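Comments concern the structure below.
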Amino acid sequence: MQRGHAWDYAGHRMVNLLAIENLPADFPSFVNEAKNRERIAFLGGEADRWRNTPDLPLKHANGPDHFFDIEYLKDYDITFEYLSPFRYTFVQQLGRTKALFPDRSPKIPVEQNRDRTKGLPGFLPWTIMEYYSKVKSACSYLKAFEELGTPEEIENARQNIVYLMGVMGHFAGDASQPLHTTKHYNGWVGDNPHSYTTNRRFHSWIDGGYLKRTGGLDFNKLKRQARKGKKLNTIRGRTDYIFPVIIGFIREQHKLVEPLYRMDKDGKLTGDGAKGRMGKPFLEKQIVASSELLTD
29 MQRGHAWDYA
39 GHRMVNLLAI
49 ENLPADFPSF
59 VNEAKNRERI
69 AFLGGEADRW
79 RNTPDLPLKH
89 ANGPDHFFDI
99 EYLKDYDITF
109 EYLSPFRYTF
119 VQQLGRTKAL
129 FPDRSPKIPV
139 EQNRDRTKGL
149 PGFLPWTIME
159 YYSKVKSACS
169 YLKAFEELGT
179 PEEIENARQN
189 IVYLMGVMGH
199 FAGDASQPLH
209 TTKHYNGWVG
219 DNPHSYTTNR
229 RFHSWIDGGY
239 LKRTGGLDFN
249 KLKRQARKGK
259 KLNTIRGRTD
269 YIFPVIIGFI
279 REQHKLVEPL
289 YRMDKDGKLT
299 GDGAKGRMGK
309 PFLEKQIVAS
319 SELLTD
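The numbering used here runs 28 ahead of the 1-based position in the sequence shown.
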């Protein structure tokens with residue numbers, strides 16, 4: 029079964045629009061041109077659109093970029109302190125443990141794991157950090173083109189930034205959906221002492237079905253909740269210092285997995301009646317949280 033999306037297109041679009049709204053005043057003004065705002069908003073859904081093909085190599089490469097199932101770290105004897113900011117060093121850590129302790133890996137029939145991604149913790153933190161670095165690079169070479177390039181080169185460089193910002197926003201949006209931080213991403217699995225739902229449509233309901241049932245997202249309402257961006261503590265030239273910020277953010281969202289399941293169990297996520305709508309502020313807050321991470 030395919031992993032679910034994190035927020036429907038409307039949610040990802042909202043994350044990007046809120047992030048643009050709260051950028052500092054001295055951010056390059058071309059980003060706020062109407063056509064570019066719309067392009068960035070549209071691209072909030074791009075990485076999910078890549079799922080529309082049955083091509084397994086793309087599913088293999090793209091799927092794990094959308095999640096980070098924290099529980100699996102324990103299976104690989106990896107603690108947060110030893111997480112590398114380098115994607116392929118992390119892959120080596122996973123491979124080393126699998127080689128030493130093959131019995132720890134779940135035995136998944138090949139026909140149920142055709143894209144070879146089941147059982148992986150996922151790569152969401154690395155994906156966000158890598159897009160951050162790509163945006164940083166694009167902003168740097170835009171400056172060079174603005175000094176030495178042609179009008180066409182300047183416009184192309186700007187459009188590259190717009191594209192990268194839009195796609196990066198998708199993964200920042202994924203990070204605030206608690207079900208993208210857990211092996212319980214689509215109904216509770218394994219021991220279930222609290223009798224949480226095992227419904228395999230739970231993920232899609234949280235991503236968009238519930239929000240549609242409760243009237244959708246109101247940009248002006250969420251804009252009032254979102255704060256302005258704050259400069260992250262970094263060391264010049266060391267993008268790996270962004271990594272702990274991203275990991276810290278995802279760990280905080282992981283703490284919300286059980287509260288989300290408890291709300292469902294308590295009938296606060298049905299979308300019907302006053303009680304069934306009580307979960308909406310929780311999800312709105314998560315949309316805002318992703319926008320703030322993205323703005324920062």
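Just so it is clear, CB atoms sit at the ideal spot from N, CA and C, and this is done for glycine as well. Predicted, not measured: the structure shown is a model, and the values here were computed from it.
Please state whether the Cβ-Cβ distance between residue i and residue j is less than 7 Å.
i, j, result
"Arg326", "Val190", "Because the chain is modelled from 29 through 324, residue 326 falls outside the range shown and cannot be assessed."
"Ala69", "Leu101", "no"
"His282", "Thr209", "yes"
"Leu250", "Asp324", "no"
"Val43", "Ser319", "yes"
"Leu322", "Ala75", "no"
"Gly73", "His40", "yes"
"Ile327", "Ala172", "Lying before the first or after the last residue shown, residue 327 is absent from the chain, which here runs from 29 to 324."
"Asn220", "Phe230", "no"
"Asp103", "Arg124", "no"
"Trp35", "Gly201", "yes"
"Leu120", "Ile106", "At residue 120 the sequence reads Gln, which differs from the Leu that was named. Going by C-beta atoms, Gln120 is not nearer than 7 Å to Ile106."
"Met291", "Leu284", "no"
Quick check on residue i: buried or exposed, where buried means 16 or more other Cβ atoms within 10 Å of its Cβ?
i, result
"Asp97", "buried"
"Arg228", "exposed"
"Ala53", "exposed"
"Glu175", "exposed"
"Arg255", "exposed"
"Asn80", "exposed"
What's the C-alpha gap between residue i and residue j?
i, j, result
"Met29", "His212", "In this prediction, Met29 scores a pLDDT of 45, lower than 50, which makes its location untrustworthy; no coordinate-derived value is stated."
"Pro153", "Glu61", "30 Å"
"Pro149", "Gln205", "16 Å"
"Asp83", "Ile136", "20 Å"
"Val138", "Lys146", "10 Å"
"Ala38", "Lys313", "15 Å"
Once the 5 residues before and after residue i are set aside, which same chain residues still bring their CB inside 8 Å of it?
i, result
"Tyr159", "Leu192, Val195, Met196 and Phe199"
"Leu311", "Ile234, Tyr238 and Leu239"
Which same chain residues, not among the five before or five after residue i, have their C-beta less than 6 Å away from its C-beta?
i, result
"Arg144", "His88"
"Asn141", "none"
"Gln253", "Val316"
"Leu288", "Pro206"
Below 7 Å CB to CB, which residues in the same chain sit around residue i once its five sequence neighbours on both sides are set aside?
i, result
"Val273", "Leu260"
"Tyr116", "none"
"Ala317", "Ser204"
Entirely enclosed alpha helix (DSSP H) segments - the stretch 271 to 318, minimum 4 residues = 285 to 293 and 301 to 304
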